[in-house]
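All the letters of the sequence shown, read from the start, carry residue numbers -19 to 168 under our numbering. All C-beta atoms in this analysis are idealised placements derived from N, C-alpha and C, irrespective of residue type, glycine included.
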Amino acid sequence: MSIIPHRAAVGSQNPTKVASVTRVVRRLWPEVEVVAVKVSSGVDIQPTSDEEAIRGARNRAQQALASAGADLGVGLEGSVVDTAHGMFLEGWAVVVDRQGREGIGSGGRILLPRRIAQAVRAGAEVGPVSSRVTGIPRIKERQGTVGYLTNGLVTRVTAREKTVAYALACFLHPELYEKEHTCLERER
C-alpha cells in the first residue's frame, strides 16, 4: 500500500471481528485508528456459499469505509459450506480502500459436528446453535465455535486474523498482482 492508512473501519461491532482486524492492521501500521461500524451484510444471517459470504463481507467493508470516512474498510463474514464430507464452517474477509481497490481472503475450514450441521441445514445460524449445544452464551462473541471445537488452539479471533491478513496481501504487494486481480482498481 503506497499510503499509510490512518483509519480502518470494521463493518461490525462484534468484539471478535474488531479484535482480529485491530491485531492485524496494528502489526502493519501501529498508529492506525480502528473503528467499529454497525452495518448490514445484505445477505442471509447464515451464508451458505463462498459467493454469498464474499458478497456479505464486501457489503460490510464498503459501508464501513463510507460511513466512517476511513482509509480502509474491512468486512468479515462467516459461512458454512456443505460438502460430501460434511458441513464446514469457514470465514471470509474483504478489504476496500477509497481508490476502489479490493482484497479478498479466506481462512481454513473446520468440520461441524453432525447435530450442529443438521440444525444449520434446517435454517439455524451456527452461533446460536453452538451456544445451545455447548452451554456457552453468545459463543460467537467469545471464542467462537472454532475455539470450542479446538479447545482454544484456534479461536474465532485468531481464525479471522488470518482471513484479514490474506485480504491485505494484494495491498501490501500490488506489484505482484496482475491488473485483472481484484486488489487493483476494478474496471468499471
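Selection P10, F68, T(-4) and V1 evaluated against Q98 yields F68 as nearest (Cα-Cα). For the stretch -14 to 44, the continuous beta strand (DSSP E) assignments of 3+ residues that do not extend past its boundaries occur at -13 to -10 and 13 to 16, in sequence order. In terms of Cβ geometry, L8 and T143 do not form a close pair [threshold 9 Å]. Put simply, of G71, V(-2) and R78 the residue whose alpha carbon is nearest the alpha carbon of G88 is G71.
Under the three-state reduction of DSSP, T125 is assigned to helix. DSSP, read as helix, strand or coil, puts G115 in coil.
Counting C-beta pairs with one atom in each stretch, the stretch -15 to -8 and the stretch 29 to 47 have three or more that are closer than 8 Å, which means they touch. Take the alpha-carbon of I34 and the one of I84: they are about 8 Å apart. Its chain contains G107 as the residues whose beta carbon lies nearer than 6 Å to that of K120, once the 5 sequence neighbours on both sides are disregarded; these appear in chain order. For V126, the closest C-alpha among the options P117, V12 and S110 is that of S110.
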